[in-house]
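Asker: Quick one: the structure is below, questions incoming.
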Amino acid sequence: MTALEWLAQGALLLLLAVAVPFAWRLERQIAALRREGAAVTNGAAGMAEATEAAEAALTRLRATAEQAGRSVAEKVAVAEPLRDDLRYLAERAESLADRLDGLVRAARPLASGLPERAPEPQGPRASSHAGGALGGVMPRSEAERELLRALREAR
Numbered sequence: 001m002t003a004l005e006w007l008a009q010g011a012l013l014l015l016l017a018v019a020v021p022f023a024w025r026l027e028r029q030i031a032a033l034r035r036e037g038a039a040v041t042n043g044a045a046g047m048a049e050a051t052e053a054a055e056a057a058l059t060r061l062r063a064t065a066e067q068a069g070r071s072v073a074e075k076v077a078v079a080e081p082l083r084d085d086l087r088y089l090a091e092r093a094e095s096l097a098d099r100l101d102g103l104v105r106a107a108r109p110l111a112s113g114l115p116e117r118a119p120e121p122q123g124p125r126a127s128s129h130a131g132g133a134l135g136g137v138m139p140r141s142e143a144e145r146e147l148l149r150a151l152r153e154a155r
């Protein structure tokens, strides 16, 4: 054998000496992966089950949300006419309150001049509205008569 052959065989022996520990280490890692392959498979199966459960929960959540939306829409549809009625009643009450306030303001000067007891109605005009006259002035509406009656009772 020549020196060149000895040198080539030495280099080959050196490379084999370096490669054997790497091969041995690689073999151990492959064996560990094979052992853990079952765990990885089980983990993947568990992940698939969790995904299916999440999808089912999401479907139920969507159905519940849709039903809640329909329920809210129905309640809103029922509440809208009530809201309109309440708005109308509030506007009506405001106008009636303004009218009543005007009547009260108009009756204050009349009520301050009243004696302790109102005089009995006299004359043909007063007899047609017994108890409705205030100092000879005829009330213009039922609301005025009620207001004057309430003022008399308050004294």
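1 is the number of the first residue of the sequence shown in full-length UniProt numbering; add one for each residue after it. Ideal placement from N, C-alpha and C gives every residue a C-beta, glycine not left out.
1. Please report how far the alpha carbon of residue 145 lies from the alpha carbon of residue 87, in whole angstroms.
2. On the three-state DSSP scale, how would you describe residue 141?
3. Tell me the DSSP secondary structure of residue 59 in three-state form.
4. Would you say residue 86 touches the ligand ZN, meaning its beta carbon is less than 7 Å from a heavy atom?
5. Any idea what DSSP makes of residue 51, helix, strand or coil?
6. Is DSSP giving residue 41 helix, strand or coil here?
7. With distances taken from CA atoms, which of 143, 23 and 11 is nearest residue 99?
8. When the Cα atoms are used, what is the spatial distance from residue 66 to residue 30?
Answerer: Taking the coordinates as given:
1. 29 Å
2. coil
3. helix
4. With respect to the ligand ZN, the structure offers nothing, as it holds no ligand at all.
5. helix
6. helix
7. 143
8. 52 Å
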